[in-house]
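Here the structure is laid out as structure tokens; the discussion comes afterwards.
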Amino acid sequence: MAVDPLIELRDVNKYFGELHVLQDINLTVGKGEVVVVIGPSGSGKSTLCRAINRLETIRSGEIKLDGKLLPEEGKDLAMLRAEVGMVFQAFNLFAHKTVLQNVSLGQVKVRGRKKADADKRSLELLDRVGLVSQAPKYPAQLSGGQQQRVAIARALAMDPKALLFDEPTSALDPEMINEVLEVMQQLAREGMTMVVVTHEMGFARSAANRVVFMSDGRIVEDRTPEEFFTNPRSDRAKDFLSKILKH
Numbered sequence: 001m002a003v004d005p006l007i008e009l010r011d012v013n014k015y016f017g018e019l020h021v022l023q024d025i026n027l028t029v030g031k032g033e034v035v036v037v038i039g040p041s042g043s044g045k046s047t048l049c050r051a052i053n054r055l056e057t058i059r060s061g062e063i064k065l066d067g068k069l070l071p072e073e074g075k076d077l078a079m080l081r082a083e084v085g086m087v088f089q090a091f092n093l094f095a096h097k098t099v100l101q102n103v104s105l106g107q108v109k110v111r112g113r114k115k116a117d118a119d120k121r122s123l124e125l126l127d128r129v130g131l132v133s134q135a136p137k138y139p140a141q142l143s144g145g146q147q148q149r150v151a152i153a154r155a156l157a158m159d160p161k162a163l164l165f166d167e168p169t170s171a172l173d174p175e176m177i178n179e180v181l182e183v184m185q186q187l188a189r190e191g192m193t194m195v196v197v198t199h200e201m202g203f204a205r206s207a208a209n210r211v212v213f214m215s216d217g218r219i220v221e222d223r224t225p226e227e228f229f230t231n232p233r234s235d236r237a238k239d240f241l242s243k244i245l246k247h
């Protein structure tokens, strides 16, 4: 159990119709922790990530952020989503807005910042992810790796307490993956609280405080990377690792 919890899930259940996709999930993420969620396709990883900021509604259980229950809807939920940034697999940038506008928009609309202040902050963050020179361009003019780095800058612009990453590199060409992982590694070193759903085992080994292994909607293991990768306890995890690490 983390000493200073930021994200808490207690007895969380989620269904898609009759399919029980999250089964009695209990998970605590402490402030400054990087928790990497791995597992086979269909294990519930992305649903878990999306439930943390109510992009998926749950059937039962409770989810808390910084000790407060997540609101169901309305303005309180919008403010909550500003506290928990989300980086998606498919970037989700506004195609008709420039890179700078993409990063600034939420600051003005949700945080209530003046445009000049939002633009200044956006340029600082674009510089941080190595893309300040791309500020006047549109998403279609960028590579996939660049677009994902813009998406990270956009999430950071809201000054979130935590960042959620839902398979952020799975839509990228192999040569673009490292440029995104490097930004994520730096965020981890700086103490950003992160929940990362990924197939990148190297990132899990090097950046995670804990690895959560899921299968069939359940958390099967929750251990340090060293413990998980060198001595998995469950047969399901052993089988998964034997397949994914054989290359």
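Numbering follows full-length UniProt numbering, in which position 101 of the sequence shown is assigned residue number 101; successive positions increment by one, without gaps.
We put the beta carbon where it would ideally sit given N, CA and C, even for glycine.
Everything numeric in this text was worked out from a predicted model, so none of it was measured.
Cβ neighbours of residue i in the same chain (closer than 7 Å, five flanking residues each side left out)
i: L181; result: T169, E200 and F203
i: R111; result: A82 and M158
i: P71; result: L77 and L80
i: L93; result: N102, P139, Q147, V150 and A151
i: R10; result: N26, G61 and E62
Buried or exposed by the 16-neighbour rule on C-beta atoms within 10 Å, applied to residue i
i: S158; result: It is Met, not Ser, that sits at residue 158 in the sequence shown. Buried, because 16 or more other Cβ atoms sit within 10 Å of the Cβ of M158.
i: G17; result: exposed
i: A116; result: exposed
i: N102; result: buried
i: Q141; result: exposed
i: E221; result: buried
i: M1; result: Caution is warranted here: a pLDDT of 47 is assigned to M1, below 50, making its placement in the model unreliable, and the coordinate value is therefore given only provisionally. So M1 counts as exposed.
i: I244; result: exposed
Among the options, the one whose alpha carbon lies nearest that of residue i
i: E227; options: S215, R218 and L241; result: L241
i: K31; options: P40, P5 and V21; result: P5
i: A207; options: E73, L77, E167 and Q185; result: Q185
i: A188; options: N231, D11, E33 and S215; result: E33
i: E56; options: V37, T98, M86 and R128; result: M86
i: R210; options: Q148, T224 and C49; result: T224
i: G130; options: A153, H96 and V35; result: A153
i: P232; options: R218, V195, E73 and V212; result: V212
i: K137; options: E190, V36 and A95; result: A95
First and last residue of the uninterrupted beta strand (DSSP E) at residue i
i: V34; result: V34 to I38
i: P5; result: P5 to F16
i: M194; result: T193 to V197
i: N26; result: L19 to G30
i: I219; result: R218 to R223
N-terminal and C-terminal residue of the alpha helix (DSSP H) that residue i is part of
i: M201; result: M201 to A207
i: residue 278; result: Since the displayed the chain opens at 1 and closes at 247, residue 278 lies outside it and no answer follows.
i: R50; result: K45 to A51
i: R54; result: Unbroken run through R54: none, as it is neither H nor E.
i: K243; result: D235 to I244
Beta-carbon proximity list for residue i, same chain, < 6 Å, skipping 5 on both sides
i: G144; result: L172 and M176
i: E8; result: T28 and K64
i: A135; result: V99, L100 and L126
Proximal residues to residue i (C-beta, below 8 Å), its chain only, five neighbours per side dropped
i: I58; result: V12, N13, K14, L22 and A51
Quick one: complete beta strand (DSSP E) runs, 3+ long, within the stretch 70–139? The stretch 70–139 contains these whole beta strand (DSSP E) runs: 84–87.
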